[in-house]
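Residue numbers (my numbering): 5 to 481.
Think of the CB as a built atom: it goes at the ideal place given N, C-alpha and C, for glycine as much as any other residue.
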């Protein structure tokens, strides 16, 4: 054994680590007398206190023991033979549970390493009022408010819950109390919480087909049996006779993912009736319902729910910045206590200082101002994006404007597979998503879902020209 005086690791830690390894590997057997601290210090040419510190740590961890009048000995620990021999005699452990395997092998959102970001659902961050936000955040951090430094309510900061109920809730046509608002770490956490609280393994979940991958992953991980609720550009096929009685129904009625369709009033009433007759819960994922560019935002389905069967999910990831990781649920009255307790067990609560800052941002009027500015900006960008697509991509794609959302559906003029187009786009430095990945069990439609919100005019032109180059590359292959 030796010590490396040039190492950044302290010498007593080097000695401790070496002796620990020798004991675990069986090179120093149990009941072996160790050299005295003075003797080992002389051999290693280190101070005696260095060796004492190493021995003290081994003693504290039970690797060695001091026997009165006879020195320091290796303790008779049971696992005092080489680890390799121990492993050889054991069966290989099952690394993952069935649920873990489902999570790993289930549908995953694509992660293309493109430098030009066509990824859907990504907001503009350069226009975010960081100076105002920083001021509010610093004030909360400096306040030393005891309520922000502990656990407070697991369901969220009381002020933010009230702000969501009275401001955002009303803007979406939802009447609720603060007690019905549950703050979590983003929309995906909300979906996970819903699946834990409202589902049992084997329950049928009506899942939009095509539909959002994140929701599918959460429900499959909880052991749900997904029943495809078919959706096309005309609407939701709610009368499909092949659909089983549901326990849960997942929908995106304000801007269907990925088609961007808005659910008609007759479909909304029919869906609510189905849920009431079956004793089912509806999960309304309002992922970007605030972004409607002509007229007022479409009221949420939850606003029509007189039977209290709708769990509404919202998030600040697209209206503010994704890195906040703050989302929320508005739950039926009878579910407020169960969801509160579920958050306390799963630990999906967002930092209180951030919650307090979002509350100030809303109640002081900055949120409404920012939202108005972003609606105007995204409307301009969408119009410019459609114009450039018509000028440069009409040979390959049909792209039309939509009244809402942060992305547009692009249909192929020719019979391409969107996976081939995505592969060609990646070679041009594009992060682009096909729509076929959003299908679970039926024959997929092929096309592209193109996010435009995060790019300025120069970047949009660059992205469109890169996509044109991708199609030319694909046509040559």
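> Which residues bound the alpha helix (DSSP H) around residue 210?
Replying inline: Taken as a continuous stretch (DSSP letters only), residue 210 belongs to no alpha helix (DSSP H), being part of the beta strand (DSSP E) at 208-213.
> How would you write the range of the alpha helix (DSSP H) that residue 400 sits in, first residue to last?
Replying inline: Note, residue 400: premise wrong, no alpha helix (DSSP H); not H, not E.
> How is residue 84 classed by DSSP in three states: helix, strand or coil?
Replying inline: For residue 84, the predicted model reports a pLDDT of 47, less than 50, meaning its position is unreliable; a value from the coordinates is still stated below. Here residue 84 sits in coil by DSSP.
> Rounded to the nearest angstrom, how far is the Cβ of residue 410 from that of residue 295, given a contact under 8 Å?
Replying inline: 6 Å
> What span of residues does the alpha helix (DSSP H) with residue 186 cover, start to end?
Replying inline: Here residue 186 belongs to no alpha helix (DSSP H); instead the beta strand (DSSP E) covers 185-188.
> Going straight from the alpha carbon of residue 84 to that of residue 28, what length do you get?
Replying inline: At residue 84 the pLDDT is 47, less than 50, meaning the model places this residue with poor confidence; the figure from the coordinates comes in the next sentence. Spanning the two alpha carbons is a distance of roughly 6 Å.
> Can you check whether the CB of residue 322 is closer than 9 Å to the CB of residue 173?
Replying inline: No; because the gap between Cβ atoms is not below 9 Å, this pair is not in contact.
> Would DSSP call residue 78 helix, strand or coil?
Replying inline: strand
> Are residue 154 and residue 444 closer than 9 Å when you measure CB to CB?
Replying inline: no
> For residue 4 versus residue 197, is the C-beta spacing smaller than 9 Å?
Replying inline: Absent from the structure is residue 4, since the part of the chain shown begins at 5 and ends at 481.
>> For residue 287 and residue 270, what's the separation of their Cα atoms in angstroms?
In response: C-alpha separation (whole angstroms): 18 Å.
>> Nearer than 8 Å: is that true of the beta carbon of residue 260 relative to any heavy atom of the ligand MG?
In response: This structure simply doesn't include the ligand MG, nor any ligand for that matter.
> Looking only at DSSP bridge pairs, what is residue 437 linked to?
Replying inline: Paired residue(s): 453.
>> If you reduce the DSSP assignment to three classes, tell me which class residue 71 lands in.
In response: Note: residue 71 maps to strand in three-state DSSP.
> Thinking C-alpha only, which one of 187, 7, 148 is nearest residue 163?
Replying inline: 187
>> What does the Cβ neighbour count give for residue 184, buried or exposed, with the cut at 16 atoms within 10 Å?
In response: Looking at its Cβ environment, which holds 16 or more other Cβ atoms inside 10 Å, residue 184 is buried.
> What is the DSSP secondary structure of residue 388, reduced to helix, strand or coil?
Replying inline: If DSSP states are grouped into helix, strand and coil, residue 388 belongs with the helices.
> Are residue 158 and residue 348 touching if we call contact CB-CB under 9 Å?
Replying inline: yes
> For residue 294, which three-state DSSP category applies?
Replying inline: coil
> Could you give the uninterrupted runs of the alpha helix (DSSP H) lying entirely in the stretch 303-391, keeping only those of 4 residues or more?
Replying inline: 340-350, 356-367
>> Less than 9 Å between the C-beta atoms of residue 330 and residue 177, yes or no?
In response: no
>> Using only the alpha-carbon positions, how far apart do residue 181 and residue 420 sit?
In response: It is roughly 50 Å from the alpha-carbon of residue 181 to the alpha-carbon of residue 420.
>> Excluding the 5 residues flanking residue 244 on each side, which residues of the same chain have their C-beta closer than 8 Å to its C-beta?
In response: 233, 234
>> With the cut-off set at 9 Å, would you say residue 350 and residue 103 are in Cβ contact?
In response: no
> To which residues of the same chain is residue 474 closer than 6 Å at the C-beta, ignoring the five residues directly before and after it?
Replying inline: 428, 429, 432
> From residue 4 to residue 16, what distance separates their C-alpha atoms?
Replying inline: As shown, the chain starts at 5 and ends at 481. That puts residue 4 outside it, with no answer to give.
> Do residue 221 and residue 112 have their C-beta atoms within less than 9 Å of each other?
Replying inline: Yes; because the gap between Cβ atoms is below 9 Å, this pair is in contact.
>> Quick check on the burial criterion: 16 or more other C-beta atoms within 10 angstroms. Buried or exposed for residue 306?
In response: So residue 306 counts as buried.
> For the candidate residues 254, 265, 299, 290, whose alpha-carbon lies nearest to that of residue 279?
Replying inline: 254
>> If you reduce the DSSP assignment to three classes, tell me which class residue 7 lands in.
In response: coil
> So what's residue 416 in DSSP terms, helix, strand or just coil?
Replying inline: It is a strand residue.
>> Tell me the residue span of the alpha helix (DSSP H) that contains residue 19.
In response: 15-28
>> Measuring straight from C-alpha to C-alpha, what distance separates residue 90 and residue 30?
In response: Any reading at residue 90 is ruled out, since the residue's pLDDT is 49, under 50, leaving its predicted position unreliable.
> What do you get for residue 310, buried or exposed, if any count of 16 or more other CB atoms within 10 angstroms of its CB means buried?
Replying inline: exposed
> From this set, 67, 50, 10, which residue's C-alpha is nearest residue 34's C-alpha?
Replying inline: 67
>> If the criterion is Cβ atoms closer than 9 Å, does the pair residue 397 and residue 465 meet it?
In response: no
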